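Undergrad: Before anything else, here's the structure in question.
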Amino acid sequence: MMMIYGMFVFSIPTATYQSLQRSNTWNHVSNNRVGDMPAYQYAGKGEDSITLEGSIVPEFGAPMSLTAMRLMADTGKSFPLISGTGKIYGLWVIESLNETQTYFFKNGKPRLVEFSLTLKKTQTAGVLIGNVLGSIVGSIL
0 MMMIYGMFVF
10 SIPTATYQSL
20 QRSNTWNHVS
30 NNRVGDMPAY
40 QYAGKGEDSI
50 TLEGSIVPEF
60 GAPMSLTAMR
70 LMADTGKSFP
80 LISGTGKIYG
90 LWVIESLNET
100 QTYFFKNGKP
110 RLVEFSLTLK
120 KTQTAGVLIG
130 NVLGSIVGSI
140 L
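Each step along the sequence shown adds one to the number in numbering that gives the first Met the number 0, with nothing skipped, and position 74 is 73.
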């Protein structure tokens, strides 16, 4: 297992990614000044996104994997993202999913399906863990 997003497992039987690109932004507000350069004030963290680029070989992987991702995106919900090493990235939504099919069989079925999945962070791992612990404590009491 490479990574889990919600209930979707990235692995050889489903879909593998060859690259993971993470991008972070920070917000700075510009204040214009007369006769001088603008002053900037830090306004907090901006967006955090991850793009996974990978491929599915239908002879080895599940061709329905991208359909499962689309169904998850259609819910509009955030899902936890956890690496194969156990690192919890937090809660993420699917922003976009691109698919490219190449090398076709005679019947039109692709031999290779490449994908690019972009996720946007909605909550940190600390909030996710706090919510889970709160639910556990609440159910015990």
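Note that CB positions come from ideal geometry on N, CA and C, so glycine has one too. Since this is a predicted model, take the numbers as computed values, not measurements.
Use the C-beta contact count for Y102: other C-beta atoms within 10 angstroms, 16 or more gives buried, fewer gives exposed.
TA: The residue in question, Y102, is exposed, as its Cβ has fewer than 16 Cβ neighbours within 10 Å.
Undergrad: Hey, L80 and M6 are a contact pair by Cβ (cut 8 Å); roughly how many whole angstroms apart?
TA: So it is not a contact: roughly 12 Å between Cβ atoms.
Undergrad: Apply the 10 Å Cβ neighbour rule to M0 and answer buried if 16 or more other Cβ atoms are within range, or exposed otherwise.
TA: With fewer than 16 Cβ atoms within 10 Å of its Cβ, M0 is classed as exposed.
Undergrad: Quick check on the burial criterion: 16 or more other C-beta atoms within 10 angstroms. Buried or exposed for I11?
TA: Exposed: under 16 other Cβ atoms inside 10 Å.
Undergrad: Identify whether A61 lies in helix, strand or coil by the three-state DSSP scheme.
TA: Correct three-state label for A61: coil.
Undergrad: Fully enclosed by the segment 64 to 123, which beta strand (DSSP E) runs are 3 residues long or longer?
TA: Those beta strand (DSSP E) runs which fall completely within the segment 64 to 123 and span 3+ residues are 78 to 82, 87 to 103, 109 to 122.
Undergrad: Going by the CB atoms, is the gap between L116 and L19 shorter than 7 Å?
TA: Taking 7 Å as the Cβ cut-off, L19 and L116 do not qualify as a contacting pair.
Undergrad: Apart from the five residues on each side of it in sequence, which residues of its chain come closer than 7 Å, Cβ to Cβ, to N31?
TA: Excluding sequence neighbours, N31 sits near P37.
Undergrad: With burial defined as no fewer than 16 other Cβ atoms inside 10 Å of the residue's Cβ, what is the status of L70: buried or exposed?
TA: It is exposed - the Cβ of L70 has fewer than 16 other Cβ atoms within 10 Å.
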